[in-house]
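Residue numbers (the numbering used here): 52 to 281.
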């Protein structure tokens, strides 16, 4: 089995989800005591979050490039960056690697087309929703992207960084997020991307009238598909 490299820790709550999903899916497919062949590099999120808040994206990009190349050097045959928002700084990493890099937005776009959704709601960290880097990548796949209004963007961002990244799962927040999702659906979204890997810790298929696209699960499934073809 080709080794999957996971660059995570942003936050470790969702990186733990990646680890669990990869092993569960391999066990389901192969049975017995089978588990995933993984290399996991878990960064200190406090350091990364400081780079985000101080708008030091060149430094963030250099960090991702260095750590991703370290995974490749250690034997990873495919590399995943286990965070949607940090894909803002992923281009230098993507360009530097000699092994496949599975961009999360491309994985989400493929899933949207898989459920026949040409219009996709985008839910994630505030920067993922406010800025163009993620929506533009989705648009390259012929998707129309809808984002929540400004107050809802702030509410979702607080839910991510103040709660989910800290392991706090609140029924009140779940209800708030379901309302944001419903608003995107009312505006025409035919699927909603959970473009923050922590969001699927709180939201599931039962929380929307359209397909929710869980980015972490989709990312792991895509990686296992890629190594299965290799």
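Where a beta carbon is used, it is the ideal one built from N, C-alpha and C, also for glycine.
Note that the structure is a prediction, hence the values are computed from the model and not measured.
Range of the contiguous alpha helix (DSSP H) that encloses residue i
{"i": "residue 143", "result": "142 to 147"}
{"i": "residue 202", "result": "201 to 209"}
{"i": "residue 254", "result": "Neither: residue 254 is in no alpha helix (DSSP H) and is coded neither H nor E."}
{"i": "residue 99", "result": "96 to 104"}
{"i": "residue 188", "result": "184 to 190"}
Coarse secondary structure for residue i, derived from DSSP in three states
{"i": "residue 77", "result": "helix"}
{"i": "residue 124", "result": "helix"}
{"i": "residue 165", "result": "helix"}
{"i": "residue 171", "result": "strand"}
{"i": "residue 59", "result": "strand"}
{"i": "residue 176", "result": "coil"}
{"i": "residue 195", "result": "strand"}
{"i": "residue 92", "result": "strand"}
Cβ-based neighbour list, residue i, same chain, cut-off 8 Å, excluding 5 preceding and 5 following
{"i": "residue 115", "result": "58, 132, 137, 140, 141, 143, 144"}
{"i": "residue 182", "result": "139"}
Residue i, enclosing beta strand (DSSP E) - first and last residue
{"i": "residue 230", "result": "No beta strand (DSSP E) holds residue 230; the alpha helix (DSSP H) holding it covers 222 to 237."}
{"i": "residue 151", "result": "Per DSSP, residue 151 belongs to no beta strand (DSSP E) and is neither H nor E."}
{"i": "residue 86", "result": "Element bounds for residue 86: n/a, residue is neither H nor E."}
{"i": "residue 244", "result": "242 to 246"}
{"i": "residue 130", "result": "129 to 132"}
{"i": "residue 265", "result": "263 to 265"}
Cβ neighbours of residue i in the same chain (closer than 7 Å, five flanking residues each side left out)
{"i": "residue 85", "result": "77, 78"}
{"i": "residue 256", "result": "263"}
Near the ligand ATP: residue i beta-carbon under 7 Å from a heavy atom
{"i": "residue 163", "result": "No copy of the ligand ATP appears in this structure; indeed no ligand is present at all."}
Validate contact between the stretch 152 to 172 and the stretch 85 to 103 using beta carbons, cut 8 Å, 3 pairs: No, because fewer than three Cβ pairs between the stretch 152 to 172 and the stretch 85 to 103 fall closer than 8 Å, the two stretches do not touch.
Below 8 Å, how does it come out for the stretch 52 to 61 and the stretch 232 to 244: are there three or more Cβ pairs, yes or no? Too few Cβ pairs lie closer than 8 Å, so no.
With a threshold of 8 Å, are at least 3 pairs of Cβ atoms found where one atom belongs to the stretch 98 to 113 and the other to the stretch 67 to 74? Judged by Cβ distances under 8 Å, the stretch 98 to 113 makes no contact with the stretch 67 to 74, as fewer than three pairs qualify.
Between the stretch 189 to 200 and the stretch 116 to 132, do three or more beta carbon pairs fall short of 8 Å? These segments do not touch.
Between the stretch 114 to 128 and the stretch 144 to 153, do three or more beta carbon pairs fall short of 8 Å? In short, these stretches touch, since the Cβ pair count reaches three.
Given 8 Å, three or more beta-carbon pairs between the stretch 196 to 203 and the stretch 266 to 279: No, the stretch 196 to 203 does not touch the stretch 266 to 279.
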